[in-house]
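Chains as they are written, first to last, in my numbering: chain P, 204 to 673; chain V, 133 to 342.
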């Protein structure tokens, strides 16, 4: 029977399947960070257990650390204690740690691929819902809770039920000014934030095949915003070219054997899915969210929807509340809405190609007066690469703030945050109430749209930038 | 290791008629800097409950209304618990005294986290959900009895409704069994699987050759 790549990876990792019980699923890579792991290590200690496979576990600090220079201490006492606890836990249990001063530090979903630890066909988990990012390599990668972090530390396994499958086929060619971020925001706007619940997305089609690995990561990253715990892209030459020579990728004969195996990780001709959707890349515009969940997005030329046009009363109520929170008026154009802050970074759009896109827009320009522009590289490695290319100078000369690597204002745990009532355009993944600071208001968009907005101080269409029309 | 044990309980309802309530609302991120599970009751729905100066909002958010004090069943909108995987969300709900949540659907990770902490995420058909939301708003003395062993819910009109729960989760909660202990009973199979699937990932050693 023809199988999807999702079923192939699943079957390969089932350790045990008892009647009526979830499967025991083997986990190949466990990523750990400071925020969702301390209680799990406490659990291990109280049970007298060890970490079963330190060689399949890797930790970093990303969520609560400041993005100010690393020679300064962490001013927030609770964050400092949390980072210290991570260091102590990793030392005690033998878990390799790329700590907050390490040259390999970074957002957990940026460093896994960078180090070559994220590999096709693997099962990858982390106490973080954006673990789906690693699906870009053809891995089954999903976020877990802290109880599950403890289970994986102790057994390198999890109890899981076989997920349903959801094919997202994106055909055609993206037009200039439209990017991977716009594909995923368009998908979520269509299916809603619960549309993929219980499913794993497989992204396929000519538009997906044409994307770089970093662009595929942007798409897989936001699978959870469509309700799916995981989303993946079958590996291909683009995947292998990205991985080859990375520090933890196999080498020599091992590499050849691995690639031969990875080539079998495609969905078979005739494989069926529980759900399917087709998106035409040719018709996509840059997308911006206007509301308080990632499904509340629209093409940038659109106008803010009117609750009066909603037939479903619950949807009308949610929209009314969202517009109240955002202080936006139905019928207004989204273009031209003023912002106070521009945030470029996060596990969604904090990689080198994202920074290059933004720098290309800001080069030789000055950001709008009174607008704070924060550029936060996704990892120390991305930061070094950007500095080698002189991107830091472009950002600084334009009046933007160039920071150290971390989650920063995507989750606003580390002091990088909006003031109540402020608006941000953000390349991150969530526009929930208060996500970027209590009372803050978020427009999600691509790095291109964010950079175009930085120049004008109001939401701007990147297709109007010089060089964007063909 | 002791896991939460759930049996039969009777308690009042609290209405939260909002769709897609995300875990950032359930526990805002700035409360995730804790290194233990305790003390999260005040973090629950913090920014919906408290003013900037830390005083409770007036009028209070629904879970703080005196008329709902002690009610342990939250009647919420569709897709409850969407977003972040933070288990702090069920920890905070449990600390506040919430034992079950009734909704037409739940986000996957939240549902899994809730069950591990003895909080029942109960999916109801839309008509019954609407009825109970109405009762939660209007009849403060109304109680619902949840019987996990029978997987039934007795509503204020005396009717008994079956609710869906997988047999495995049901048994784990009834007996207070722990998932980690369950996995460890299969350690022989885990070892055999590891031997058969050596893999190419090694976090300790760059460029590991096998």
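A virtual CB, placed ideally from N, CA and C, is assigned to each residue, including glycine.
Range covered by the alpha helix (DSSP H) that runs through residue i
i, result
"residue 155 of chain V", "155-158"
"residue 325 of chain V", "319-328"
"residue 493 of chain P", "Here residue 493 of chain P belongs to no alpha helix (DSSP H), and DSSP marks it neither H nor E."
"residue 363 of chain P", "Per DSSP, residue 363 of chain P belongs to no alpha helix (DSSP H); it is in the beta strand (DSSP E), 360-363."
"residue 246 of chain P", "241-250"
"residue 272 of chain V", "Residue 272 of chain V -> no alpha helix (DSSP H), and no H or E assigned at all."
"residue 300 of chain V", "299-307"
"residue 443 of chain P", "440-446"
"residue 235 of chain P", "From DSSP, residue 235 of chain P is part of no alpha helix (DSSP H) but of the beta strand (DSSP E) over 232-236."
C-beta atoms of residue i and residue j nearer than 9 Å
i, j, result
"residue 405 of chain P", "residue 355 of chain P", "no"
"residue 245 of chain P", "residue 167 of chain V", "yes"
"residue 589 of chain P", "residue 657 of chain P", "no"
"residue 247 of chain P", "residue 315 of chain V", "no"
"residue 386 of chain P", "residue 549 of chain P", "no"
"residue 338 of chain V", "residue 234 of chain P", "no"
"residue 403 of chain P", "residue 209 of chain P", "yes"
"residue 482 of chain P", "residue 410 of chain P", "yes"
"residue 175 of chain V", "residue 310 of chain V", "no"
"residue 209 of chain V", "residue 148 of chain V", "yes"
"residue 642 of chain P", "residue 622 of chain P", "yes"
"residue 250 of chain V", "residue 169 of chain V", "no"
"residue 211 of chain P", "residue 324 of chain P", "yes"
"residue 553 of chain P", "residue 576 of chain P", "no"
"residue 234 of chain V", "residue 264 of chain V", "yes"
"residue 381 of chain P", "residue 541 of chain P", "no"
"residue 203 of chain V", "residue 146 of chain V", "yes"
"residue 470 of chain P", "residue 207 of chain P", "yes"
"residue 330 of chain P", "residue 369 of chain P", "no"
"residue 173 of chain V", "residue 246 of chain V", "no"
Residue range of the unbroken beta strand (DSSP E) whose run includes residue i
i, result
"residue 233 of chain V", "232-235"
"residue 209 of chain P", "First-last for residue 209 of chain P: 208-216, but that is the alpha helix (DSSP H), not the beta strand (DSSP E)."
"residue 141 of chain V", "140-148"
"residue 483 of chain P", "478-483"
"residue 193 of chain V", "It is not in any beta strand (DSSP E) - residue 193 of chain V carries neither H nor E in the DSSP assignment."
"residue 629 of chain P", "626-629"
"residue 285 of chain V", "284-286"
"residue 644 of chain P", "644-647"
"residue 293 of chain V", "292-294"
"residue 405 of chain P", "402-407"
"residue 532 of chain P", "Per DSSP, residue 532 of chain P belongs to no beta strand (DSSP E) and is neither H nor E."
"residue 435 of chain P", "433-435"
"residue 275 of chain V", "275-279"
"residue 368 of chain P", "367-374"
Cutoff 9 Å: residue i Cβ touching any chain V Cβ
i, result
"residue 219 of chain P", "yes"
"residue 568 of chain P", "no"
"residue 214 of chain P", "no"
"residue 318 of chain P", "yes"
"residue 461 of chain P", "yes"
"residue 673 of chain P", "Bear in mind that the predicted position of residue 673 of chain P carries a pLDDT of just 48, short of 50, making it unreliable; the figure below should be weighed with that in mind. No - not a single Cβ of chain V is within 9 Å of the one on residue 673 of chain P."
Any C-beta of chain P under 9 Å from that of residue i
i, result
"residue 316 of chain V", "yes"
"residue 270 of chain V", "no"
"residue 292 of chain V", "no"
"residue 331 of chain V", "yes"
"residue 335 of chain V", "yes"
"residue 338 of chain V", "yes"
"residue 219 of chain V", "yes"
"residue 207 of chain V", "no"
"residue 348 of chain V", "Any question about residue 348 of chain V goes unanswered here, given that chain V covers just 133 to 342."
"residue 197 of chain V", "no"
Assumed close pair residue i, residue j - CB separation to whole angstroms, cut-off 8 Å
i, j, result
"residue 646 of chain P", "residue 491 of chain P", "5 Å"
"residue 435 of chain P", "residue 327 of chain P", "Actually they are not in contact, since the Cβ atoms of residue 435 of chain P and residue 327 of chain P sit about 10 Å apart, beyond 8 Å."
"residue 216 of chain V", "residue 348 of chain P", "Not a contact, Cβ separation roughly 10 Å."
"residue 212 of chain V", "residue 242 of chain V", "7 Å"
"residue 574 of chain P", "residue 496 of chain P", "25 Å between Cβ atoms; not a contact."
"residue 274 of chain P", "residue 336 of chain P", "At roughly 30 Å, the Cβ-Cβ gap does not stay under 8 Å, so residue 274 of chain P and residue 336 of chain P are not in contact."
"residue 296 of chain P", "residue 272 of chain P", "Residue 296 of chain P to residue 272 of chain P, Cβ: 30 Å. No contact."
"residue 205 of chain P", "residue 518 of chain P", "The pair is not a contact, with the Cβ atoms about 38 Å apart (cut-off 8 Å)."
"residue 441 of chain P", "residue 416 of chain P", "6 Å"
Residue i beta carbon near the ligand NAP (any heavy atom closer than 8 Å)
i, result
"residue 213 of chain P", "For the structure depicted, the ligand NAP is absent and the ligand set is empty, with no information on it obtainable."
Where residue i meets chain B, residues with beta-carbon distance less than 8 Å
i, result
"residue 248 of chain P", "The structure shown has no chain B; the protein chains it does contain are P and V."
> Going along the chain, which unbroken runs of the beta strand (DSSP E) with 3 or more residues stay wholly within the stretch 254-340 of chain P?
Replying inline: For secondary structure counted as the beta strand (DSSP E) over 3 or more consecutive residues, the stretch 254-340 of chain P holds these complete runs in sequence order: 260-263 and 326-329.
> Taking the runs of the alpha helix (DSSP H) that are 4 residues or longer, which of them lie wholly in the stretch 544-617 of chain P?
Replying inline: Segments of the alpha helix (DSSP H) lying fully in the stretch 544-617 of chain P: 549-552, 555-565, 583-591 and 594-601.
>> Restricting to runs no shorter than 3 residues, where is the beta strand (DSSP E) found entirely within the stretch 181-266 of chain V?
In response: With a minimum length of 3 residues, the continuous beta strand (DSSP E) runs that stay inside the stretch 181-266 of chain V are 205-208, 232-235 and 252-255.
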